[in-house]
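Novice: Read in order, the letters of the sequence shown are residues 1 to 683 in UniProt numbering.
The following block contains the structure, expressed as structure tokens.
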Amino acid sequence: MVSTDFTVAPSPLSAVPVSEPPQQPLGRIPVLDVRPCVDHGARPATSVVGEPFTVSAEVFREGHDAVNATIVLTDPDGVEHHVPMTCTNPGLSIWEGEVAADREGMWSYRVEGWSDPWATWVHDASIKIPADIDAALMRAEGAIVLERAAADPDRDEGGRCSLRSAADVLRDEQGHQATSALHLVTTGTAAVELGATPHRELVSPSADLPLLVERELALFGSWYEIFPRSEGAHVDPATGRWVTGTLRTAAQRLPAIAGMGFDVVYLTPIHPIGTTARKGPNNTLEAGPEDPGSPYAIGSPDGGHEAINPDLGTFEDFDAFVADATRLGLEVALDLALQCSPDHPWVTEHPEWFTTRADGSIAYAENPPKKYQDIYPINFDNDPAGIYAEVRRVVQVWIDHGVKIFRVDNPHTKPVEFWQWLIGDVARSHPDVIWLAEAFTLPAMMHALAKAGFQQSYTYYAWRNTVPELVEYGTELSGEAAAYMRPSFWPTTHDILTPYMQFGGPAAWKVRAAIAATMVPTWGIYAGYELMEHVARPGAEEQIDNEKYELKDRRWDDVTEAGGSLIGWLTMLNRVRREHPSLQLLRNLTFHHVDDENLLAYSKSRTLADGTTDTVIVVANVDPHSTRESTLRLDMEALGLDWGAQLHVEDLVTGAQWVWGEATYVRVGVETEPVHIVSVRHA
Numbered sequence: 001m002v003s004t005d006f007t008v009a010p011s012p013l014s015a016v017p018v019s020e021p022p023q024q025p026l027g028r029i030p031v032l033d034v035r036p037c038v039d040h041g042a043r044p045a046t047s048v049v050g051e052p053f054t055v056s057a058e059v060f061r062e063g064h065d066a067v068n069a070t071i072v073l074t075d076p077d078g079v080e081h082h083v084p085m086t087c088t089n090p091g092l093s094i095w096e097g098e099v100a101a102d103r104e105g106m107w108s109y110r111v112e113g114w115s116d117p118w119a120t121w122v123h124d125a126s127i128k129i130p131a132d133i134d135a136a137l138m139r140a141e142g143a144i145v146l147e148r149a150a151a152d153p154d155r156d157e158g159g160r161c162s163l164r165s166a167a168d169v170l171r172d173e174q175g176h177q178a179t180s181a182l183h184l185v186t187t188g189t190a191a192v193e194l195g196a197t198p199h200r201e202l203v204s205p206s207a208d209l210p211l212l213v214e215r216e217l218a219l220f221g222s223w224y225e226i227f228p229r230s231e232g233a234h235v236d237p238a239t240g241r242w243v244t245g246t247l248r249t250a251a252q253r254l255p256a257i258a259g260m261g262f263d264v265v266y267l268t269p270i271h272p273i274g275t276t277a278r279k280g281p282n283n284t285l286e287a288g289p290e291d292p293g294s295p296y297a298i299g300s301p302d303g304g305h306e307a308i309n310p311d312l313g314t315f316e317d318f319d320a321f322v323a324d325a326t327r328l329g330l331e332v333a334l335d336l337a338l339q340c341s342p343d344h345p346w347v348t349e350h351p352e353w354f355t356t357r358a359d360g361s362i363a364y365a366e367n368p369p370k371k372y373q374d375i376y377p378i379n380f381d382n383d384p385a386g387i388y389a390e391v392r393r394v395v396q397v398w399i400d401h402g403v404k405i406f407r408v409d410n411p412h413t414k415p416v417e418f419w420q421w422l423i424g425d426v427a428r429s430h431p432d433v434i435w436l437a438e439a440f441t442l443p444a445m446m447h448a449l450a451k452a453g454f455q456q457s458y459t460y461y462a463w464r465n466t467v468p469e470l471v472e473y474g475t476e477l478s479g480e481a482a483a484y485m486r487p488s489f490w491p492t493t494h495d496i497l498t499p500y501m502q503f504g505g506p507a508a509w510k511v512r513a514a515i516a517a518t519m520v521p522t523w524g525i526y527a528g529y530e531l532m533e534h535v536a537r538p539g540a541e542e543q544i545d546n547e548k549y550e551l552k553d554r555r556w557d558d559v560t561e562a563g564g565s566l567i568g569w570l571t572m573l574n575r576v577r578r579e580h581p582s583l584q585l586l587r588n589l590t591f592h593h594v595d596d597e598n599l600l601a602y603s604k605s606r607t608l609a610d611g612t613t614d615t616v617i618v619v620a621n622v623d624p625h626s627t628r629e630s631t632l633r634l635d636m637e638a639l640g641l642d643w644g645a646q647l648h649v650e651d652l653v654t655g656a657q658w659v660w661g662e663a664t665y666v667r668v669g670v671e672t673e674p675v676h677i678v679s680v681r682h683a
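Structure (structure tokens):
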């Protein structure tokens, strides 16, 4: 005989529950890996007004009941906006949804996972009722779900009535056959109501993540850089001596800049320039009596960062320049270069703000083997409170005179925490101020500066010239980093003239501008790009006779397109950017394959308010020395098209029209134009 006399051991103390469910942070319905998420939510993701971006998360639950997810976007007033999500990868439980904020300010977003009893019932009933399995029971359970949904506190009376009527249909076994009742409630007004306002149970929210929404120019804009002293500069025929340009003569250049479609005119430093260790042409150590010196060697007895070089004019002249720019639809960006000439007032008033060497001298700037004897870097560790306050005062001076954009010179040589404080403090009273980081440095620092608050950043674009390099870089910049870092593409600057531009000829200058203008939303050029100034200084990736050290007279009145000017090309690019909203976004970049390894292809699409889609496809020949022909192979799924679809396209460069398909012949290069920029009309 088998004994049934069992003794049950007492439970140990450790088995007694010590906390109350639900266990955090997973929640009843787990919501994991919400993206975008910058530094685990410590810093905000960024967007601009109207910019769509995707929020994703892993959302799942135990068993087989249906699960669903919602994005909750909370505006600066605390009002919540619910956006439905779609499971885009059921095998990995990935849910996605697209959101866009409609005004500036600090928003937040979270993902809520929830049990979906309606979807669970529809799934089960659609299997069982047609097979006559527990049909009556399924009808009763469906009616219960509908009545629970009708009791939701946020549902309007019309929605309640439709749900209760559907519940009555399920309960009326005499008036409606089971399959007929199933069809009525799953296709009628009740289904529409639950699609618009779902019945959510076991709602499990993720943590709220911050979202900073800024004005459009923080993402999309075209920049034009000038040295104000060169605009209007000329040699006096009577004396043979240079006459400097001024803020007044520089203002005369503004209509031409606006006429090419640029949004921002960026001024290199306009402050007094020191004479001690002043640099001569091409950074030589000996300056002649008429050499103007580098505007980055800031400070003289005439003042420092809060002053204007008397050679350029007065604050009245500067205010007039800003007013003229504003009338033309231009914003003024000012260079903020936190460094000093040995003659800067700070050197004598606050010697502790600099680094003193063992011999008692103040250390000048060096980037071995380069030496900048005319510049003293600021040491932010000696008196951070004093330096922070003084820089904040200087910035406010220019804000008060109409400057809303600062291009910051070498921010990576200053503490990141300083920029985080400065940008944040300015934003408290002037949230529309935009900061561009000129930081050609390690990726970690570039990303940190963006997280600290810089809305835009210079990039390595000038050195990314092959198709693989551009695809890799474009993919990186438009991917996860786009949640906080906005790239600005410049083919050249006053310090950068790559071999590609030195030896590529007109095709290089055209294609590099075209890619910069269409791959990312913000791009810029340095004055003289129209003239393709390509003669290099020996041993350096910069122009000979660098404008930092001397005046330039480009004789704009004599420049014509017939003479080889790129004015028309630049105007066309900016017009295309304005006319096509898809080019005004960063995160919508898709690359396509071309059989020829020298042909780069990508597209950008954007759904417009009227429901139509704006799509632009770019095919660029990165070999500036030859014409190339090959087969373009479009990713039709990425374009939202069937594989056999035809596309009616118009080349925005030449006006030509074609019909393209999945595989299309293309020919671009020096014998035609080096790039196709086509607008798509779906057939």
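No residue lacks a Cβ here, since even glycine has one placed at the ideal position from N, Cα and C.
Values in this document were obtained by computation on a predicted structure and should not be read as measured data.
#1: Give the list of continuous beta strand (DSSP E) stretches no shorter than 3 residues that lie fully inside the region 510-566.
#2: With C-beta atoms as the reference, is Asn-89 less than 8 angstroms away from Asn-283?
#3: Secondary structure at Trp-463, three-state DSSP: helix, strand or coil?
#4: What residues match up with Val-99 in a beta bridge as DSSP calls it?
#5: Count the CB pairs spanning the region 105-115 and the region 198-209 that are closer than 8 angstroms, and state whether there are at least three.
#6: Distance, Cα to Cα, Val-145 vs Trp-118?
#7: With a Cβ-Cβ cutoff of 8 angstroms, do Leu-639 and Asn-621 count as a contact?
#8: Please list the terminal residues of the continuous alpha helix (DSSP H) segment that includes Val-403.
#9: Would you say Ser-582 and Arg-554 are within 8 angstroms of each other, going by their C-beta atoms?
#10: Does Asn-465 pass the burial test, meaning 16 or more other C-beta atoms within 10 Å, or should it be called exposed?
#11: So what does Met-106 bridge to, in DSSP terms?
#12: Under DSSP, the alpha helix (DSSP H) around Glu-673 begins and ends at which residues?
#13: Can you look up Gly-261 in the DSSP assignment and give me helix, strand or coil?
#14: Mind checking whether Val-666 and Ile-617 have CB atoms under 8 angstroms apart?
#15: Would you kindly check if the distance between the Cβ of Asn-68 and the Cβ of Phe-262 is under 8 angstroms?
#16: By DSSP, does Lys-279 sit in helix, in strand, or in coil?
#17: Since Thr-189 is in the alpha helix (DSSP H), which residue starts that stretch and which ends it?
#18: Please tell me whether residue 684 and Ile-525 are closer than 8 angstroms, where the distance is taken between their beta carbons.
#19: When DSSP labels each residue in this structure, what does Asp-635 get in the three-state scheme?
#20: As an exercise, report each continuous alpha helix (DSSP H) stretch of at least 4 residues that is fully enclosed by the region 129-201, in chain order.
#21: Output yes or no for whether 8 angstroms exceeds the beta carbon distance between Gln-339 and Ile-375.
#22: Cβ of Val-394 within 8 angstroms of Cβ of Glu-306?
#23: For the candidate residues Gly-661, Gln-646, Val-659 and Leu-632, whose alpha-carbon lies nearest to that of Val-668?
#24: To the nearest angstrom, how far is it from the Cα of Met-636 to the Cα of Pro-198?
#25: Give the C-beta separation of Arg-148 and Glu-173 to the nearest angstrom, bearing in mind that I take them to be a contact with Cβ-Cβ under 8 angstroms.
#26: Can you give me the start and stop residues for the beta strand (DSSP E) that Pro-487 sits inside?
#27: Take the Cβ of Ala-683 as the centre, count every other Cβ of all protein chains shown within 10 Å, and call the residue buried at 16 or more, exposed below.
#28: When you compare the CB positions of Ile-71 and Val-55, do they come within less than 8 angstroms of one another, or not?
#29: Excluding the five sequence neighbours on either side, which residues of its own chain have a C-beta within less than 6 angstroms of the C-beta of Ala-516, listed in chain order?
#30: Note the first and the last residue of the continuous alpha helix (DSSP H) segment covering Thr-70.
#31: DSSP on Ser-93, reduced to helix/strand/coil?
#32: Write down the C-beta distance between His-676 and Val-653 rounded to the nearest angstrom, noting that I regard them as a contact closer than 8 angstroms.
#33: Quick one: residues in its chain with C-beta nearer than 7 angstroms to the C-beta of Arg-200, no 5 flanking neighbours on either side, listed in chain order?
#34: In the DSSP assignment, find the beta strand (DSSP E) that holds Phe-591 and state where it starts and stops.
#35: Among Gly-303, Pro-289, Phe-315 and His-271, which residue has its Cα nearest to the Cα of Pro-295?
Specialist: Reading off the structure:
#1: 522-526
#2: One thing to note: Asn-89 has its Cβ no nearer than 8 angstroms to the Cβ of Asn-283.
#3: If DSSP states are grouped into helix, strand and coil, Trp-463 belongs with the helices.
#4: DSSP output for Val-99 lists Phe-53 as bridge partner(s).
#5: yes
#6: 6 angstroms
#7: no
#8: From DSSP, Val-403 is part of no alpha helix (DSSP H); its letter is neither H nor E.
#9: no
#10: buried
#11: Leu-212
#12: Premise fails: Glu-673 is in no alpha helix (DSSP H) and is neither H nor E.
#13: coil
#14: For Val-666 and Ile-617, no; Cβs fall outside 8 angstroms.
#15: no
#16: coil
#17: 189-196
#18: Absent from the model: residue 684. The displayed extent of the chain is 1 to 683, so no value can be given.
#19: Looking at Asp-635 - three-state DSSP - the assignment turns out to be coil, as it is neither helix nor strand.
#20: 135-150, 157-171, 178-187 and 189-196
#21: Contact flag set, yes.
#22: yes
#23: When each option's Cα is compared against that of Val-668, the closest is Leu-632.
#24: Distance between the alpha carbons of Met-636 and Pro-198: 33 angstroms.
#25: No, Arg-148 and Glu-173 are not in contact; Cβ-Cβ is about 21 angstroms, not under 8 angstroms.
#26: Looking at the DSSP string, the run of the beta strand (DSSP E) that includes Pro-487 is 487-489.
#27: Unreliable placement is indicated for Ala-683, whose pLDDT of 49 sits below 50; no coordinate value is reported for it.
#28: yes
#29: Phe-489, Pro-491 and Trp-523
#30: Boundaries around Thr-70 are those of the beta strand (DSSP E), 67-74, since no alpha helix (DSSP H) includes it.
#31: coil
#32: 7 angstroms
#33: Trp-114
#34: 589-594
#35: Nearest in C-alpha terms to Pro-295, of all of Gly-303, Pro-289, Phe-315 and His-271, is His-271.
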